[in-house]
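Everything below concerns the one structure shown next.
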Amino acid sequence: MVKFAQSQTRIFGILTSGGDCPGLNAAIRGVCRAAYDRYGMSIVGFANGYRGLIAGNYRFLRPEDFWGIITRGGTILGASREKPFKQESGDYEIAGDKVAAIKEHYHRLNLDCLVILGGNGTHNTGYRLAREGLNVIGMPKTIDNDLQGTDRTFGFHSALSIATEAIDRLHTTAVSHSRVMVIELMGHKTGWLSLYAGVAGGGDIILIPEIPYDIKVIGDFLRQRRDQGKNFSIVVIAEGAMSKEEAAMEKKERKKFREKTHMVSIGYRVAQEIEKETGMETRPTVLGYVQRGGIPSASDRVLATSLGTAAADLLAQGQYGRMVSYTNDAITSVDLSVPAEKIKTVPRDHYMIDTAIAVGTCMGM
Ligand code: F6P
Numbered sequence: 049m050v051k052f053a054q055s056q057t058r059i060f061g062i063l064t065s066g067g068d069c070p071g072l073n074a075a076i077r078g079v080c081r082a083a084y085d086r087y088g089m090s091i092v093g094f095a096n097g098y099r100g101l102i103a104g105n106y107r108f109l110r111p112e113d114f115w116g117i118i119t120r121g122g123t124i125l126g127a128s129r130e131k132p133f134k135q136e137s138g139d140y141e142i143a144g145d146k147v148a149a150i151k152e153h154y155h156r157l158n159l160d161c162l163v164i165l166g167g168n169g170t171h172n173t174g175y176r177l178a179r180e181g182l183n184v185i186g187m188p189k190t191i192d193n194d195l196q197g198t199d200r201t202f203g204f205h206s207a208l209s210i211a212t213e214a215i216d217r218l219h220t221t222a223v224s225h226s227r228v229m230v231i232e233l234m235g236h237k238t239g240w241l242s243l244y245a246g247v248a249g250g251g252d253i254i255l256i257p258e259i260p261y262d263i264k265v266i267g268d269f270l271r272q273r274r275d276q277g278k279n280f281s282i283v284v285i286a287e288g289a290m291s292k293e294e295a296a297m298e299k300k301e302r303k304k305f306r307e308k309t310h311m312v313s314i315g316y317r318v319a320q321e322i323e324k325e326t327g328m329e330t331r332p333t334v335l336g337y338v339q340r341g342g343i344p345s346a347s348d349r350v351l352a353t354s355l356g357t358a359a360a361d362l363l364a365q366g367q368y369g370r371m372v373s374y375t376n377d378a379i380t381s382v383d384l385s386v387p388a389e390k391i392k393t394v395p396r397d398h399y400m401i402d403t404a405i406a407v408g409t410c411m412g413m
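In the numbering used here, each number is its position in the sequence shown, counted from 1, plus 48.
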C-alpha cells in the first residue's frame with residue numbers, strides 16, 4: 049500500500065453523472081474516506097455531474113460531508129445527463145466551449161485527477177477528457193448493469209430487489225382477478241434487469257431487447273397455460289424490448305414506428321397486443337423511477353464501498369485512465385476505453401437465458 053505521504057494524488061475532483069441509483073453515496077463515501085483518512089487527499093465535489101464541472105459549481109468536501117451517507121439513496125452531489133462533447137446536432141465532436149471550461153476549472157483547482165461515477169455515457173466523456181490530457185478514474189454505476197469491463201455495476205442489485213418485490217405484488221392481484229399482468233422495467237438497450245427480476249419473481253414471460261419477440265409465440269404460450277388450468281400470467285418486459293417486425297426495421301424507421309405504436313410505453317402496447325391476440329384480460333404496470341430510488345441494498349453498499357476504496361488506491365498510486373471493476377469475484381480495474389465503448393448486452397448464450405427457459409419461462413421467441 050502507498051504510504052500517506054507518498055500519494056501521487058494530492059487533490060482530486062469527484063462527480064456523479066447520468067441517471068442516479070442506489071449506492072452512489074456509498075461509493076462517494078468509500079472513495080472519499082479512504083482518500084482522506086488513508087492518503088490525506090483533498091477533495092473537490094462538483095455539483096450535478098459534468099454540468100458542475102463546466103460551470104465551475106463545486107465545493108471542497110469535508111469529512112462530515114461523507115460521513116453517515118452509506119444508507120442514503122440518490123447522490124449528495126446531484127446528477128445530470130450533461131454530455132459536454134455532444135453537439136446540438138447529436139454528433140460527437142470536439143465541443144469547444146464546454147471542454148475548454150472543464151479544462152480551465154480542472155487546472156485552476158490544480159486537480160491531479162477527476163473521479164467520475166457513472167455509466168456508459170459518463171465513461172465515454174471521461175475517456176474523451178483523458179484523451180484531452182486530464183487524469184480520470186471511473187467507477188461503474190447503473191441499475192442497467194450494462195457497462196463493459198465489469199461483471200456488475202452498483203445500483204443493479206437494489207433495483208433488482210425493488211423490481212422483484214413489485215412482481216411478487218402483481219402475482220397476488222393477477223391470481224385474484226385471473227389476469228395477465230405486464231410489468232415494464234427499465235432498460236432501453238439491455239435486458240439484464242428484466243431477465244434477473246423475471247427469474248427472481250417467477251415471471252412466465254420475459255421480453256428483453258436482445259431477443260425480439262413474436263406475439264404469436266406469446267399468445268400460444270398464454271393459451272397453453274390457460275389450458276393447463278393456470279388462471280393468470282406475469283409478463284416482465286424491458287422498456288427497450290421489440291417485436292421481430294421492429295427488429296427487422298432500420299433504426300430510424302423503428303424509432304418512428306415506436307413513436308406511433310407505443311401509446312404510453314412498450315408495456316402498454318404489449319398488453320394491448322396480448323388482449324387482441326388471446327382475448328385475455330391484461331393490465332400493464334410501468335414501474336418507472338421507483339426502481340432507481342431509495343436506500344441501497346446491502347450487496348450494493350458492499351460493492352460500492354469496495355470499488356470506492358479501490359479507486360482511492362488507484363489515485364494514491366497515480367494509476368489514472370482506468371475504471372475500477374468487479375470481475376470474477378475480485379476488485380480490479382480496466383482501461384477507461386473499455387466502458388467508454390459499446391454497452392454490454394445480454395449474450396444469447398448467457399446462462400441466465402437458459403435458466404429462465406429451463407424453468408418454463410417463455411422468452412418470446
Ligand atoms: O439509469 C439508467 C436508466 O435507468 C435507463 O434504464 C432508463 O431508460 C433511463 O435511465 C431513464 O432515465 P432518465 O429519464 O433519467 O434519463
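Positions of the beta carbon are idealized from the N, C-alpha and C atoms, including for glycine.
Keep in mind that this is a model prediction, so the values were computed, not measured.
**OP:** Compute every distance between the C-beta of Lys236 and the non-hydrogen atoms of the ligand F6P, then say whether any falls below 6 angstroms.
**Re:** One detail in the question is off: residue 236 reads as His in this sequence, not Lys. Indeed, a heavy atom of the ligand F6P lies less than 6 angstroms from the Cβ.
Original post:
Cα separation between Ala248 and Ala346?
Top reply: 17 angstroms
**OP:** Verify whether the separation of the beta carbon atoms of Gly356 and Ala75 is less than 7 angstroms.
**Re:** yes
Original post:
Within the present structure, is the beta-carbon of Ile191 separated from the nearest heavy atom of the ligand F6P by less than 6 angstroms?
Top reply: yes
**OP:** Could you please give the first and the last residue of the uninterrupted alpha helix (DSSP H) stretch that includes Asp268?
**Re:** 263-275
Original post:
Is the beta carbon of Gly67 within less than 6 angstroms of some heavy atom of the ligand F6P?
Top reply: yes
Original post:
Under the rule that 16 or more other beta-carbon atoms within 10 Å means buried, what is Thr220, buried or exposed?
Top reply: exposed
Original post:
What's the gap between the Cα of Thr123 and the Cα of Ile215?
Top reply: Distance between the alpha carbons of Thr123 and Ile215 is about 27 angstroms.
Original post:
Which ranges would you report for the beta strand (DSSP E) in the region 149-199 if only whole runs of at least 3 residues count?
Top reply: 161-166, 184-188
Original post:
What distance in whole Å lies between the Cβ atoms of Met229 and Asp192, which are believed to be in contact at a cut-off of 8 angstroms?
Top reply: 23 angstroms between Cβ atoms; not a contact.
Original post:
Among residues of its own chain, excluding the 5 on either side of Pro132, which ones have a beta-carbon nearer than 7 angstroms to its beta-carbon?
Top reply: Excluding sequence neighbours, Pro132 sits near Tyr98, Ile102, Ala143, Lys146, Val147, Ile150, Thr173.
Subject >> Residue ranges of each beta strand (DSSP E) within the region 318-368, 3 or longer >> reply: 330-334
**OP:** With a cut-off of 8 angstroms on the beta carbons, I'd call Asp348 and Gly71 a contact; round off their distance for me.
**Re:** 4 angstroms
Original post:
Expressed to the nearest angstrom, what Euclidean distance is found between the alpha-carbon atoms of Asn96 and Lys299?
Top reply: 31 angstroms
**OP:** From the DSSP output, in three-state form, read off Lys134 for me.
**Re:** strand
Original post:
Can you tell me whether DSSP reads Phe305 as helix, strand or coil?
Top reply: helix
Original post:
So what's Met371 in DSSP terms, helix, strand or just coil?
Top reply: strand
Original post:
What's the C-alpha gap between Gly342 and Gly121?
Top reply: 5 angstroms
Original post:
Between which two residues does the beta strand (DSSP E) harbouring Ile285 extend?
Top reply: 281-286
Original post:
Would you say Thr393 and Ile254 are within 7 angstroms of each other, going by their C-beta atoms?
Top reply: no
Original post:
Alpha carbon to alpha carbon, what distance is there between Arg271 and Gln411?
Top reply: It should be pointed out that residue 411 corresponds to Met in this sequence rather than to Gln. Straight through space, the alpha carbons of Arg271 and Met411 are spaced by roughly 15 angstroms.
Subject >> Contact between the region 299-315 and the region 260-275 (3+ Cβ pairs under 8 angstroms) >> reply: With contact defined as three or more Cβ pairs closer than 8 angstroms, the region 299-315 and the region 260-275 are not in contact.
Original post:
Looking at C-alpha atoms only, which residue of Gly203, Gly100, Pro188, Cys161 is the closest neighbour of Thr119?
Top reply: Gly203
**OP:** Grab the span of the alpha helix (DSSP H) containing Met229 for me, first residue to last.
**Re:** First-last for Met229: 228-233, but that is the beta strand (DSSP E), not the alpha helix (DSSP H).
Subject >> Cβ shell of Gly88 (< 6 angstroms), same chain only, five flanking positions each side left out >> reply: Shown here for Gly88: same chain residues with a beta carbon closer than 6 angstroms to its own, the five before and five after excluded, namely Phe52 in chain order.
Subject >> Inter-residue CB distance, Lys292 and Asp262 (contact presumed, cutoff 8 angstroms) >> reply: Between Lys292 and Asp262, the beta carbon gap of about 5 angstroms places them in contact (Cβ cut-off 8 angstroms).
Subject >> Start and end residues, beta strand (DSSP E) containing Gly78 >> reply: Where Gly78 is concerned, there is no enclosing beta strand (DSSP E), although the alpha helix (DSSP H) it sits in stretches over 72-81.
Original post:
So is Gln56 in contact with chain B if we call contact Cβ pairs under 7 angstroms?
Top reply: Protein chains in the displayed structure number just one, and chain B is not present.
Subject >> Beta-carbon contacts of His153 that lie in its chain and below 7 angstroms, excluding the five residues immediately before and after >> reply: Leu101, Gly104
**OP:** Mind checking which residues open and close the alpha helix (DSSP H) that includes Gly246?
**Re:** 240-248
Original post:
Using a Cβ-Cβ cut-off of 7 angstroms (strictly less than) and excluding sequence neighbours within five positions of Lys278, which residues of its own chain qualify?
Top reply: none
Original post:
From Asp383 to Tyr175, what does the alpha carbon distance come to, in whole angstroms?
Top reply: 9 angstroms
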